[in-house]
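When you line the sequence shown up against the working numbering, it's residues 1219 to 1451, in that order.
The structure under discussion appears below in the form of structure tokens.
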Amino acid sequence: MSEPSSRVTKTKSTLRGVTPAILPSLLLCDFANLEREVRRLEEAGVECLHLDVMDGNFVPNISYGMPIVDALRKITDLLLDVHLMISDPVKFAPQFVDFGADLITFHIEALKQPVNLLSQLRSQGVAAGLAINPSTSMEALAPFVDECDLVLVMSVEAGFGGQAFNPVALGRLSDLRKEHGADLLLEVDGGVNETTVGQCTAHGADLLVVGSAIFRQADYCQAMTRLRREMHK
Ligand code: DX5
Ligand code: ZN
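Written out as structure tokens, the structure reads:
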């Protein structure tokens, strides 16, 4: 793996200090009141926001892009974790660095030879990783894991919030932890809620992305408290 920049080292050690951590996915938040949503999450003790970028091509849905990342960077010091569900990460990922991303993952299904982009992002100061859908064989990812700061194990097919958790993610998390040791950050995304979060941490997940189980609740603080309690069981 290429030498990380000092900013990458700092991002990883900040995260390591708080893992396991719940990362709210803003996909289902109230975009008409974005700043208020961020303040509510800060008050609930969130450390890092998960931002789902969808291009309507790699996945059959469009979410948001650079302007939202830029706007968030201007109003918060929380770490920004950008999950790119886009067909052309080579073209667009570096732009998300300029707009303030701290971590970026892109999909192995979108870029079969990801080493150059991973090392480019790391040299730009961003912790970089690969995401993999449940339907994709882990063999596609295996040769590149040592080039990653983090691996995002999807527990739903990328594209939509509110889907049911696919337990295939659990075995993948524990295999990755066993094979690659404690330094690799493991993230899980999709269908993580009070029922599934404990299994994810028990199988080695560090970063737990949660959308509907926070944003469909009236009180984010209470939702975070319940998720944290279940995560540590
Ligand atoms: C799915 C996204 C997820 C998703 C999480 O493509 O990457 O981040 O929005 O939402 P829930 O927790 O509702 O599955
Ligand atoms: Zn995501």
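Backbone N, C-alpha and C fix where the C-beta goes; we use that ideal spot for every residue, glycine too.
A straight-line Cα-Cα distance of about 14 Å links Y1438 and L1252.
Using a 10 angstroms sphere on the CB of E1255, the tally of other CB atoms reaches 16 or more, which defines it as buried. D1320 sits in coil when the DSSP states are folded into three classes, being neither helix nor strand.
In the structure shown, A1349 adopts extended strand secondary structure according to DSSP, grouped into three states.
A straight line joining the alpha-carbon of A1311 with that of T1229 spans about 18 Å. In this structure, the straight-line span from the alpha carbon of K1309 to that of L1388 is close to 32 Å.
Sequence-distant partners of A1423 (beyond 5 residues in either direction) whose C-beta falls short of 6 Å from its own C-beta, in its chain, are L1391, L1404 and V1406. Annotated three-state conformation of P1307 is helix, per DSSP.
Taking the Cβ of F1378 as the reference point, at least one heavy atom of the ligand DX5 falls within a distance shorter than 7 Å. When DSSP states are grouped into helix, strand and coil, S1430 belongs to the helix group. P1242 sits in a strand when the DSSP states are folded into three classes. For L1233, the three-state secondary structure derived from DSSP is helix. At a threshold of 7 Å, H1325 does not count as near the ligand DX5, since its beta carbon sits no closer than that to any of the ligand's heavy atoms.
In the DSSP annotation of this structure, the continuous segment of the beta strand (DSSP E) that includes E1405 starts and ends at L1403 to D1407.
In the assembly as shown, G1347 is a buried residue. Its beta-carbon has 16 or more other beta-carbons within 10 Å. What you get when you keep residues with a C-beta closer than 6 Å to any heavy atom of the ligand ZN is S1243, H1268, D1270, H1301, D1407 and V1427.
DSSP places V1415 inside the alpha helix (DSSP H), whose first and last residues are V1415 to A1420. Note on H1325: 16 or more other CB atoms within 10 angstroms of its CB, so buried under the neighbour-count rule. Using a Cβ distance threshold of 8 Å, H1301 and A1345 do not count as a contacting pair. In this structure, the straight-line span from the alpha carbon of A1420 to that of L1368 is close to 18 Å.
Judged by DSSP in its simplified three-state form, I1326 adopts coil rather than helix or strand. The beta carbon of F1362 lies closer than 8 Å to those of I1326, P1332, V1333, L1336 and L1348 in the same chain, with the five residues before and after it left out. Per DSSP, the unbroken beta strand (DSSP E) holding V1371 starts and ends at L1368 to M1372.
Taking L1298 as reference, the option from L1233, S1355 and N1351 with the minimal CA-CA separation is L1233.
By alpha-carbon distance to P1385, the top candidate from Q1417, A1400 and F1276 is Q1417.
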